[in-house]
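Peer 1: This structure is in structure tokens; I'll ask about it shortly.
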Amino acid sequence: STMQRGFLDLQTIRRASVVGGSKVNWVRKFFVLHSNTLTYHQDHYNTYKNLGEFKLTAETTIFVPSLQQQQSAGEHILELVSGIHETPETQVCIKVRARDANELETWRTAIDRAVQALKNRDDLASKRGATNDETVVKDGYLATQAACGGTEKWPQQYYALTASALYQAQDTNSAEALAVYLIEPACSAYTTTLRPHAFELVTSQGVLHLAAESAEATDLWLNALRKVIANSTSLKADPLLTAARKLPIERYEVRFITKQKLNI
């Protein structure tokens, strides 16, 4: 689900020359905040095409200068860091700049709300860096439909399915998952026609388009996914259930003027 969207300046660092060192530039991009990802696009007409993204986790840290510092610097900058407990080599950072203090506060509040929601989730899978001793039900490499604009449309990536989540990683040697898709009763898995042996996993965090190497392998993955879904339990912070509870209850009365058989 989309939590916030709008234009922001994205900080990019380019090496000007060997002598001149690096040069900081700001480029205008259209940002979309999802429940666990901040994506940016060329403009609001091309949100189907990701130019980049920043994964949000329960460990994501938000840095915003004080209002006095913003006024002194004449800039309104927000920085996101993937995890304060990570090493500098593995940390991922992104800096964006708003037009004014009000816009910056709007984005800070929205991102903080998304991070707090991830912290409040009751599942172990969403806690980055937490010890996870779940048993892997099924694992292996699957072709994965990349985000629009990727150089390789269906790269091979490694997946591990447990009783509570599907973990996505670059390969078997990856120290950390690229993404974690939580399994709950609202999830679904079925075949598609995007390419041979393709199938789809629908979760509250997003949709995965995958493809196995054969029809038999696809069946094995679908059977494993459907079994885990059938045995799963609802999350305390289920976004679909939360949204459904906010809908107003509509009541209506049906009266039959003439009594007659229904012929059923």
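The end of the sequence shown is residue 244 by my numbering, with every number in the run present. Every residue gets a Cβ at the ideal spot worked out from N, C-alpha and C, and that includes glycine.
Which partner residues of histidine 19 appear in the DSSP bridge assignment?
Peer 2: Sequence inspection shows threonine at residue 19; the histidine mentioned does not correspond to that position. Threonine 19 pairs with Val12, Glu33.
Peer 1: Please confirm if the segment 44 to 54 is in contact with the segment 21 to 36, defined as three or more CB-CB distances below 8 Å between the two stretches.
Peer 2: no
Peer 1: With H, G and I counted as helix, E and B as strand and the rest as coil, what does DSSP make of serine 62?
Peer 2: coil
Peer 1: Based on the DSSP secondary-structure assignment, which residues constitute the bridge partners of isoleucine 74?
Peer 2: Leu60
Peer 1: Under 8 Å Cβ to Cβ from glutamine 148, same chain only, skipping five residues before and after it: list those, please.
Peer 2: Thr124, Gln137, Tyr138, Tyr139, Ala157, Leu158, Ala159, Val160, Tyr161, Leu188
Peer 1: Compare the C-beta of threonine 86 with all C-beta atoms of chain D and state if any pair is closer than 9 Å.
Peer 2: No chain D appears in this structure, which consists of one protein chain only.
Peer 1: My assumption, with CB atoms under 8 Å, is that valine 76 sits in contact with leucine 58. Please give the rounded CB distance.
Peer 2: 5 Å
Peer 1: How would you label valine 95, buried or exposed, when you count the other beta carbons within 10 angstroms and need 16 or more for buried?
Peer 2: buried
Peer 1: Just reading off the alpha helix (DSSP H) that isoleucine 91 is part of, what are its end residues?
Peer 2: Its alpha helix (DSSP H) spans residues 81 to 100.
Peer 1: According to DSSP, is leucine 158 part of a helix, a strand, or is it coil?
Peer 2: coil
Peer 1: Mark threonine 238 as exposed unless 16 or more other C-beta atoms lie within 10 angstroms of its C-beta, in which case mark it buried.
Peer 2: exposed
Peer 1: Could you tell me whether the Cβ atoms of leucine 13 and isoleucine 42 are closer together than 9 Å?
Peer 2: no
Peer 1: Could you check how far apart the C-beta atoms of leucine -12 and alanine 78 are, in whole angstroms? I think they sit under 8 Å.
Peer 2: 6 Å
Peer 1: Have a look at Thr173, Thr89, Asn100, Arg175 and flag the residue whose alpha-carbon is nearest the alpha-carbon of alanine 38.
Peer 2: Nearest of Thr173, Thr89, Asn100, Arg175 to alanine 38, Cα basis: Asn100.
Peer 1: Rounding to the nearest angstrom, what Cα-Cα distance links glycine 109 and arginine 231 in this structure?
Peer 2: Only weak support exists for where glycine 109 lies, its pLDDT of 46 falling under 50; the value from the coordinates is given anyway. Their Cα atoms are separated by approximately 47 Å.
Peer 1: Would you report the Cα separation of threonine 198 and asparagine 82, rounded to the nearest angstrom?
Peer 2: Asparagine 82 has its alpha-carbon roughly 50 Å from the corresponding atom of threonine 198.
Peer 1: On a Cα-Cα basis, can you pick out the residue from Gln(-9), Ser212, Val234, Leu200 that is closest to isoleucine 163?
Peer 2: Ser212
Peer 1: Would you tell me roughly how many angstroms separate the C-alpha atoms of phenylalanine 11 and serine 168, rounded to the nearest one?
Peer 2: 28 Å
Peer 1: Going by DSSP, name the residue or residues bridged to alanine 140.
Peer 2: Asp119, Tyr147
Peer 1: Hey, quick one: how far does the beta strand (DSSP E) through valine 44 stretch, first residue to last?
Peer 2: That residue, valine 44, is in no beta strand (DSSP E); it is neither H nor E in DSSP.
Peer 1: Looking at the unbroken alpha helix (DSSP H) that takes in glutamate 196, where does it start and where does it end?
Peer 2: 195 to 210
Peer 1: Which residues does DSSP list as the beta-bridge partners of phenylalanine 179?
Peer 2: Paired residues: Thr171, Leu190.
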